[in-house]
Amino acid sequence: MNEEARFEFLPHTADARFRSYGRTLEEAAANAALAMVSLMWDYRQIEPRVKHQVEIRARNFEGLMVKFLTEILYLLEVKRFILGRVEEIEIVRPEKTAVDEEGEYVLRAVLVGDDRPENYEIISEVKAATYYQFRLDEKPGQVQLEMVVDM
0 MNEEARFEFL
10 PHTADARFRS
20 YGRTLEEAAA
30 NAALAMVSLM
40 WDYRQIEPRV
50 KHQVEIRARN
60 FEGLMVKFLT
70 EILYLLEVKR
80 FILGRVEEIE
90 IVRPEKTAVD
100 EEGEYVLRAV
110 LVGDDRPENY
120 EIISEVKAAT
130 YYQFRLDEKP
140 GQVQLEMVVD
150 M
């Protein structure tokens, strides 16, 4: 991987598998979103006309990422929103609130893109984000996140 790489695609028999990179968990999560949408369109060509603020909650990081990518697919399907970039992303890790109870992960972000998909070439369709082969490798200053999406 060169220093500029945000993500790469990995071999997979039926669906699409990718690895996203970042210096932080937030950067790797944002790059995972870009990896997924790059299967459908060229995110670098999307005009920044519309912003959507999202807040996602889950009991674990794996669930948080699946819900985050699912929200992007939902916005495409329901609001015709196509993602161009992720801004102001923040991930709050849970704190134990009691002896036997854990809090939730929270992801907040501003999604920037366009609500006119007819102006862009859509090359394929991602049906769903999955838990299959999910992997997180987190070291100081280097985060790698692997996911599979259904095509």
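Just so you know, the sequence shown maps onto residues 0 to 150 in numbering that gives the first Met the number 0.
Note that the Cβ used here is the ideal one computed from N, Cα and C, for glycine as well.
For clarity, every value in this text was computed on a predicted model and none was experimentally measured.
Distance between beta carbons of residue j and residue i, contact taken as under 8 Å
i: Val-91; j: Met-35; result: Incorrect: roughly 22 Å between the Cβ atoms, too far for contact.
i: Glu-137; j: Ala-108; result: Not quite, the Cβ-Cβ distance comes to about 19 Å (not below 8 Å), so this is no contact.
i: Val-111; j: Pro-47; result: 5 Å
i: Leu-38; j: Ala-15; result: 5 Å
i: Arg-79; j: Asp-114; result: 5 Å
i: Arg-22; j: Gly-140; result: 5 Å
i: Asp-9; j: Phe-17; result: Correcting the residue type first, residue 9 is Leu in the shown sequence and not Asp. That pair is a contact at about 6 Å.
i: Ile-45; j: Tyr-119; result: 7 Å
For residue i, the first and last residue of its enclosing alpha helix (DSSP H)
i: Ile-90; result: Counting along the chain, Ile-90 falls outside any alpha helix (DSSP H), though it belongs to the beta strand (DSSP E) covering 81-91.
i: Gly-62; result: 60-78
Span of the beta strand (DSSP E) around residue i
i: Leu-38; result: First-last for Leu-38: undefined, no H or E at that position.
i: Glu-54; result: 49-57
i: Glu-112; result: The residue asked about is misnamed: residue 112 is Gly in this sequence, not Glu. Residues 104-113.
Bridge-paired residues (DSSP) for residue i
i: Gln-132; result: Gln-132 is not bridged to any residue.
i: Ser-19; result: Phe-6 and Leu-144
i: Lys-138; result: Gln-141
i: Asp-149; result: Ala-127
Member of the options whose CA lies at the smallest distance from the CA of residue i
i: Ser-19; options: Ala-32, Tyr-104 and Arg-43; result: Ala-32
i: Leu-135; options: Glu-54, Glu-94 and Phe-60; result: Phe-60
i: Ile-81; options: Glu-26, Tyr-130 and Lys-50; result: Lys-50
i: Leu-68; options: Gln-44, Ile-45, Glu-117 and Asn-30; result: Asn-30
i: Arg-56; options: Phe-133, Pro-139 and Val-105; result: Val-105
i: Glu-145; options: Arg-22, Thr-23, Ala-28 and Lys-66; result: Ala-28
i: Arg-58; options: Gly-102, Tyr-119 and Phe-8; result: Gly-102
i: Lys-66; options: Pro-116, Glu-94 and Glu-54; result: Glu-54
i: Glu-70; options: Ala-127, Pro-116 and Glu-26; result: Ala-127
i: Pro-116; options: Met-64, Glu-26, Glu-7 and Glu-76; result: Glu-76
i: Phe-133; options: Leu-72, Leu-63, Pro-93 and Gln-52; result: Leu-63
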